[in-house]
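Participant: Protein sequences appear in the order of chains A and B. Per the working numbering, residue 6 is the first one in the first sequence, and the count goes up by one each step. Per the working numbering, residue 1049 is the first one in the second sequence, and the count goes up by one each step.
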Amino acid sequence: MTDLAVIATPHIRYLAIIPEIVLLGGAVLLLACGSLVERQLRARVATVATAAVSAAALGVSLWQWSDVTSHGAFTAVDHAVVVDGFSALVNVLVSCAMFLTALVADGYLRREGVEGAEMHVLAMVSASGAMIMASANDLIVVFLGLEILSIALYVLAAFNHRRAASGEAALKYFILGSFSSAVFVYGIALVYGATGTSNLAQIAGFLAKNVLAADGLLLAGMSLLVVGFAFKVAAVPFHMWTPDVYQGAPSPVTGFMAAVAKAGAFAAFLRVFLSSFGLLRTDWQPIIYALAVVTLLVGAGLAVVQRDVKRMLAYSSINHAGFVLLGLEAATARGVSASLYYLFAYTFMVIGSFAVVTVLGRRGDASHDIASYRGLARRQPALALAFAVLLLAQAGAPFTTGLWAKLQVVLAAVDHQVPLAVIAMVSAAVAAYFYLRVAVLMYTPVPAPGAAPGVESPAENAVALGAGARGAAGTSAPGEADRSMPGTGPGQVDVAPQLVHARTVWTGDARNVAALDRLNAGLLLDRDPVTLALAGASVEQPAPPAGLGLGTLGGGVETVAVADEVTASPVRVPPLSAVAIGLCLAVTVVLGFWPGPLTAFAHHATLLFLP
Amino acid sequence: MTPATHAFPYLTVLVLLPAGGGLAVALSGWARSLPRAVVEWFGIAVSLATLGLAIAVAALFSTTSGGFQFVSDHSWASGLGVHWELGVDGISLFLVLLAAVLFPIVLAGARTRTDARSFVAWMLLLECACIGSFVSIDLILFFFFFELTLVPSYFIISGWGYTRRAYAAVKFFVYTFAGSAFLLVGILVVAFAHKEQTGVLTFSLQALEHTHFSSAGGILLFLAFTAAFAVKAPLFPFHTWSPDAYTEAPTGGSMVIAAVLAKLGTYGILQFDLRLFPQPSVDLAPLLLTLAVIGILYGAIVACAQRDLKRLVAYSSLAQMGFVALGIFAFTTEGVTGGVLLMLNHGLITAALFLLIGWIYERRQTWQVSELRGLQAPAPVMAGAFTIAMLASIGLPGLNGFVSEFLVLSGTFLTHRWWAVVATAGVVFAAIYLLWAYQQVFHGKVDLANSRTRDLSWAERMVIAPLIVVIVFLGIYPKPVLDRITPTVNALIARVDAATHTHQPPAALRGFAARHSVPMTAKKATS
């Protein structure tokens, strides 16, 4: 008994960990109370509660920020936790990401019929793990945060139990993730063995005072830590899980994972290597250099050949990780600030992008082929514009946070590693290509009536039908339409089914009218391409293309039409998702035009211990 | 040399006006019932307002100063030392004017059949980006606008272009973007070198031009900058994107890309390479001159072999841009002045040619020279306009092309005689291919298909008239332009001379004697 009493429990300064407490407490409360709410209301209540908790976490994080900037950084809980500008900024970032994810997830859960508080609860737990990683001042606490973050994410990846891909992704993530965690723990053990402490500041102090005669143990430990972190931030060659998991996981979860897991892991990565091993930078900088180079190039290179938008964004996130590594490689205060700026800008871009992808995924969350984005601008101009801007921002278009972020990290790198900066920018050039590919595809009209909503009059539309060209509404130059037909045109085959709609209904086949009416249910009629096609067809009869006998297609119309509905009808954008996309867009563009505040913000986000 | 400042932020408004117009057009997408004519006229009105403002700037521009005028400087990203710093000098003034003149013409004369709203919005955004690039004197800001030009031009090519537009657009984008990757890194390295020397992190051109570089470092930086600009211009080995992009782009796109966007490359060389790296510029001048001469000859010879009018003009552009580079790297007042003037003139001439070719295509649906014949009979006005533009491009005295080509060649002859001699062959070739094309298309006995070609409508005559008037006016009386260019060019040459401790024959009129060495101070006094 007396023995137990002597074990000193550290004094816990709760205000130091208040954002984590808010998120975790909110999660527990929501889990407990969520089941008491009536089933119909549960989803909405869970969303509102999560958004409120995230907003509260954002509030306390901002309070922490002002506290740190006015009173200085400090450590707490027996030096296991540090509160400095860095951790406060990451807390702000994670809270924002959580808030946005809650909004996006709401629409997703309803659409997929898996309403419930569980996803929100798991996300909040995971987010608190990221916060713990960011403010950890002890390797053990870093590991604690890493596990809290990861375990919740494994479950989240499997969340949509109706999709086999979701389960597969989760299993893959779980197995590889637990390996990497084991490697990470081993690294901690070796570092502890070499230095006699797991506290980050004390490791730095030990290394400052002692020169290790045989530093093999320490170097091995550091390498294993690099592996563990590199896995979490998806740096090549530890990125193998990323495309599969990003593709398989539910889309809102992918956005969350890309933003929060990366932010948390990078926060710890930066802190551990700069605070603890800052003096050994010459040992680890070459490793990070190599990692950054392959991550940048492989991420950009492989993204080019993807046909699935989620997979493409997964590789693009690998490329982004390479950019953040530039800041780490620089190993300077400017580098830290640049990396954080990058993570901040990236969070909003990636959550916004995945919010659009979620919305466009349609029921079943499976419509992610790049071809299904064709002509989106005509069907849903606002959504297409938002996605285009977010993609261009990721590519590093001027006057968005994307280019400022790239500018900052490249500026940090150029200080001493000009070749790395050049490689980074070349990879950005490659990356720009695949972002633009999607953007352009959205603005390439689907042939014939799919392009109808932008056309002024049905008569012009009918001419477009007749010409069979890419919605060329011109009347005075028929040759223009011929010449401008895309030679590569994968879409040209679509002309036939579209014409079939128009034609069949025009001839008044009641059965098909009924089929089309069913299709139109729930769609916005005035924007629906089928309706407009009908209007056009009633003015001028489109000539059926050669080789397509109408009679033989009578029975096939409905199936063709259904397939068409999947790719060519507008999707409903849930209001909360629209809000989330709007917020992401606003942050990306407004802070792109007016970079001052965020730059200053990131500039003050310094690490407490920086040798 | 003190920069003239004005209470009204002319340049900021000049940059933001088209952007605002473009945004308004884009947002009008929600008003679906808006007729396309309203959108098109709104676009023309916005670009005309921009032109009015640009003319006001040109009128208020002081001819006595060689420095930047209308400077407005606001801190933009304080932590990074990036400023919203705009200013015009004699070089950029006319490029701004060129852009401001051409965009209304493009919007009025090269309308698209489909989706006018997006086209107008992209065009206005492109105008903002072009003007912004020409007036930015903060390197990061310049880079922002320089990059921004890519996005609308990519969408314009891929959205409204011809058969192989996707290929052309991607090639265009990847080439230029890869080039500018080097530019960004180069800018950052320059800024860091400046920071090490002075302790201030800034991207202002006027501050950075006093940075010193080691000779090897300077040459690498020069090459990094020049890579981006040579792709954009395009200069000889980096030109392969341009014939595809010029040919596959819609008429308006070809006009803007060839006439305005390409000038960003040579403008960048003048404004940034020569100011920041005078010594490497002089050291590597023989290389650049050789590339320029190769470009002139290659462009001209390939143009001779073209059977497609649009490709022919595209290759002739390559040759003309070679002349610009030749003039710049001659490092004489005449050469550089001629280069600047040629940028302006080439912009006007190429735009006119592409516009006319676009109209021919609208009527005949072909660019093939072999399918066009005797258009002079059914379309005399078009033939007349084409004649003037074509003769200006050849460099007939009395039209604007002559003045600039003469200045370039005479300026080059003073310092680099043999390059000038070889380049002169390019002028001869230009006469060959352009006259041949003209003869084939407009002369000869008209056949049935060509006999029904419509002549230019009154609206089209109104659109082409300003270009023709300016082409003739600048051929007869280039003085107002030269008056404004010369002080800046003199300052630039003086700066290069001072930095490299060499001196070039300064006076345009002293000709041959000026090549013989006279002490520098004496020379300053005489010129």
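Quick reminder that beta carbons are idealized off the backbone N, C-alpha and C, glycines included.
Anything in the stretch 430-442 of chain A with a Cβ closer than 9 Å to a Cβ of chain B? List those residues in chain order, please.
Facilitator: Result list: M430, V431, S432, A433, A434, V435, A437, Y438, L441, R442.
Participant: Check the Cβ of B/I1188 against every Cβ in chain A and list those closer than 8 Å, keeping chain order.
Facilitator: Those are L412, listed as they occur along chain A.
Participant: In chain A, what lies closer than 8 Å to B/A1156 by C-beta?
Facilitator: None at all; the shortest Cβ gap to chain A is about 17 Å.
Participant: Among residues of its own chain, excluding the 5 on either side of A/A585, which ones have a beta-carbon nearer than 6 Å to its beta-carbon?
Facilitator: L105, L108, V109, A360.
Participant: Please report how far the alpha carbon of A/P424 lies from the alpha carbon of A/F328, in whole angstroms.
Facilitator: For A/P424 and A/F328, the distance between alpha carbons rounds to 14 Å.
Participant: Hey, is A/Y159's beta-carbon within less than 8 Å of any beta-carbon in chain B?
Facilitator: no
Participant: Exposed or buried, which one is A/A436 when buried takes at least 16 other CB atoms within 10 Å?
Facilitator: buried
Participant: Can you give the Cα-Cα distance for B/G1300 and B/K1219, rounded to whole angstroms?
Facilitator: 19 Å
Participant: On the three-state DSSP scale, how would you describe A/S40?
Facilitator: coil
Participant: For B/I1139 versus B/Q1424, is the C-beta spacing smaller than 8 Å?
Facilitator: no
Participant: Closest by CA to A/M103, which one among A/T352, A/A400, A/R316?
Facilitator: A/T352
Participant: Which residues in chain B sit within 8 Å of A/H608, going by Cβ to Cβ distance?
Facilitator: G1127
Participant: Counting along the chain, where does the alpha helix (DSSP H) carrying B/D1531 start and finish?
Facilitator: 1527-1548
Participant: Round the Cβ separation of A/L403 and B/F1192 to the nearest angstrom and send it over; I've been treating them as touching at under 8 Å.
Facilitator: In the sequence under discussion, the amino acid at residue 403 of chain A is Pro, which differs from the Leu named in the question. Yes, they are in contact, since the Cβ atoms of A/P403 and B/F1192 sit about 4 Å apart, within 8 Å.
Participant: Alpha carbon to alpha carbon, how far is B/T1295 from A/A398?
Facilitator: When the Cα atoms are used, B/T1295 and A/A398 turn out to be separated by approximately 29 Å.
Participant: Beta-carbon of A/G332 versus every beta-carbon of chain B: anything under 8 Å?
Facilitator: no
Participant: For B/E1508, which residues in chain A fall below 7 Å Cβ to Cβ?
Facilitator: Here the premise fails: no neighbours, minimum Cβ distance about 13 Å.
Participant: Tell me, please, whether the CB atom of A/A542 is closer than 8 Å to any CB atom in chain B?
Facilitator: Because the pLDDT at A/A542 is just 38, under 50, the model does not fix this residue reliably, and the value given afterwards should be weighed accordingly. No, its Cβ sits nowhere closer than 8 Å to a Cβ of chain B.
Participant: Does A/L596 pass the burial test, meaning 16 or more other C-beta atoms within 10 Å, or should it be called exposed?
Facilitator: buried
Participant: With 16 as the cutoff for other CB atoms within 10 Å, does A/N215 come out buried or exposed?
Facilitator: exposed
Participant: By how many angstroms is the C-alpha of B/T1381 removed from the C-alpha of B/T1550?
Facilitator: 14 Å
Participant: By the three-class DSSP mapping on this structure, what secondary structure does A/G484 have?
Facilitator: In this prediction, A/G484 has a pLDDT of 37, which is less than 50 and means its spatial position is unreliable; what the coordinates show is noted afterwards. Note: A/G484 maps to helix in three-state DSSP.
Participant: Which bits of chain A does B/E1195 rub up against, with CB to CB less than 9 Å?
Facilitator: G401, A402, P403, L408
Participant: Apply the 10 Å Cβ neighbour rule to A/I23 and answer buried if 16 or more other Cβ atoms are within range, or exposed otherwise.
Facilitator: buried
Participant: For B/A1399 and B/I1235, which I take to be in contact (beta-carbon distance under 8 Å), what is that distance rounded to the nearest angstrom?
Facilitator: Between B/I1235 and B/A1399 the Cβ distance is about 30 Å, and since that is not below 8 Å, they are no contact.
Participant: For A/V241, which of helix, strand or coil comes out of DSSP?
Facilitator: coil
Participant: Relative to the C-alpha of A/A56, which residue among A/V126, A/W68, A/A85 is closest?
Facilitator: Among A/V126, A/W68, A/A85, the Cα nearest to that of A/A56 is on A/V126.
Participant: Report the neighbours of A/G601 on chain B: residues whose CB is nearer than 9 Å to its CB, in chain order.
Facilitator: S1123, W1124, A1125, S1126, G1127
Participant: Could you check where the alpha helix (DSSP H) with A/F349 kicks off and where it finishes?
Facilitator: 338-365
Participant: Residues of chain B with CB closer than 7 Å to the CB of A/P386, please, in chain order.
Facilitator: G1077
Participant: If you draw a straight line from the alpha carbon of B/L1172 to that of A/A54, how long is it in whole angstroms?
Facilitator: 45 Å
Participant: Once the 5 residues before and after A/P600 are set aside, which same chain residues still bring their CB inside 7 Å of it?
Facilitator: W409
Participant: Consider the Cβ of B/S1206: report whether some Cβ of chain A lies at a distance smaller than 8 Å.
Facilitator: yes
Participant: When you compare only the Cα positions, how much space is there between B/G1127 and B/Q1354?
Facilitator: 53 Å
Participant: Can you find a CB in chain B that lies within less than 8 Å of the CB of A/T604?
Facilitator: yes
Participant: Measure the Cβ-Cβ separation of A/L612 and A/R276 and say whether it is below 8 Å.
Facilitator: yes
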